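Counting in the UniProt record's numbering, the sequence shown runs from 1 upward without gaps.
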Amino acid sequence: MRQVLPPSVKQVVEICKSLGFKVFLIGARALQFYGLYRQTGDWDFVIDKPFTAEVRDSLTAALRNAGYLVQWRKWGLYIDAGGVHVDINYAPLILDDEFIARSREVSGIYIPSPEDLVILKLASGERKDIDDLKKLLRLPLDLEYLKKRAVQSGLERELRKMWKRVHGSDI
1 MRQVLPPSVK QVVEICKSLG FKVFLIGARA LQFYGLYRQT GDWDFVIDKP FTAEVRDSLT
61 AALRNAGYLV QWRKWGLYID AGGVHVDINY APLILDDEFI ARSREVSGIY IPSPEDLVIL
121 KLASGERKDI DDLKKLLRLP LDLEYLKKRA VQSGLERELR KMWKRVHGSD I
């Protein structure tokens, strides 16, 4: 599955990359790379650096200098990219060397493994993410890696519960 980024979204990604960040597509649009679909109007990304004040300020300045409206939110940056909604979320706690190594690069952006998307969705807990989880958990997954990441993130109970809902058995 190949997605075409709207020009304004591509520019936001290029600005992030010009500042030295790897950019990861997450959310509903990332699911499309695994054959799963959910309608969404926004683009959700994370970068591979913690949001220190310096990172936040340099990214905000670069985006505003390019003409984008940028708002700070508790979870990251909200960007109005020419009428297209882009979120740059704070790097999740699981964004580490293993997360990066298991991601795949597609057209200059990185797509997390389905297992890491499961953990991101479990951590979110929003209704739309629960629906996404049910789809993700039906994919062929590296169960040992998934269980390890669930333990690392403290979400093993939530994973077992969701796995049982989807498969009727324990993971």
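Glycine included, C-beta positions come from ideal geometry on N, C-alpha and C.
Bear in mind that the values here come from a model prediction, so they are computed numbers and not experimental data.
Tell me which same chain residues have a C-beta within less than 8 Å of the C-beta of residue i, skipping the five on either side of it?
i: VAL13; result: LEU5, VAL23, PHE45, GLY108, ILE109
i: LEU137; result: VAL118, MET162, TRP163, VAL166, HIS167
i: GLN11; result: ALA66, ALA81
i: LEU63; result: VAL12, ILE15, VAL70, LEU77, ILE79
i: GLN39; result: ALA28
May I ask you to report which of helix, strand or coil DSSP gives residue i?
i: residue 199; result: Outside the displayed span of the chain (1 to 171) sits residue 199, for which this structure offers no information.
i: ALA81; result: strand
i: ILE171; result: coil
i: PHE24; result: strand
i: TRP72; result: strand
i: MET1; result: Since pLDDT at MET1 reaches only 46, below the 50 mark, its modelled position is unreliable, and the value read off the structure follows with that caveat. Residue state, collapsed to three classes: coil.
i: LEU19; result: coil
i: ALA62; result: helix
i: PHE99; result: helix
i: PRO6; result: coil
i: GLN39; result: coil
Once the 5 residues before and after residue i are set aside, which same chain residues still bring their CB inside 6 Å of it?
i: GLN71; result: TYR78
i: ASP129; result: LYS121
i: LYS134; result: VAL166
Would you list the residues sitting across from residue i in a DSSP beta bridge?
i: LEU93; result: Paired residues: none, contrary to the question.
i: GLU105; result: TYR110
i: VAL45; result: For the record, residue 45 in the displayed sequence is Phe; it is not Val. Partner(s): LEU25, ILE88.
For residue i, count neighbouring Cβ atoms within 10 angstroms of its own Cβ and tell me buried if that reaches 16, exposed if not.
i: ASN65; result: exposed
i: LEU93; result: exposed
i: GLY83; result: exposed
i: HIS61; result: The sequence given here has Ala at residue 61, not His. By the 10 Å Cβ count, ALA61 comes out exposed.
i: ASP97; result: exposed
i: TRP75; result: exposed
i: PRO7; result: exposed
Enumerate in chain order the residues of its own chain whose CB-to-CB distance from residue i is below 7 Å, with the five nearest sequence positions on each side excluded.
i: SER58; result: LEU19
i: PRO114; result: TYR34, LEU136, LEU139, LEU141
i: LYS49; result: PHE21, VAL55, ALA91
Handout entry: Those runs of the alpha helix (DSSP H) which lie wholly inside the UniProt domain "DUF6036" (108-152) and span at least 4 residues
Key = 114-124, 127-136, all fully within the UniProt domain "DUF6036" (108-152).
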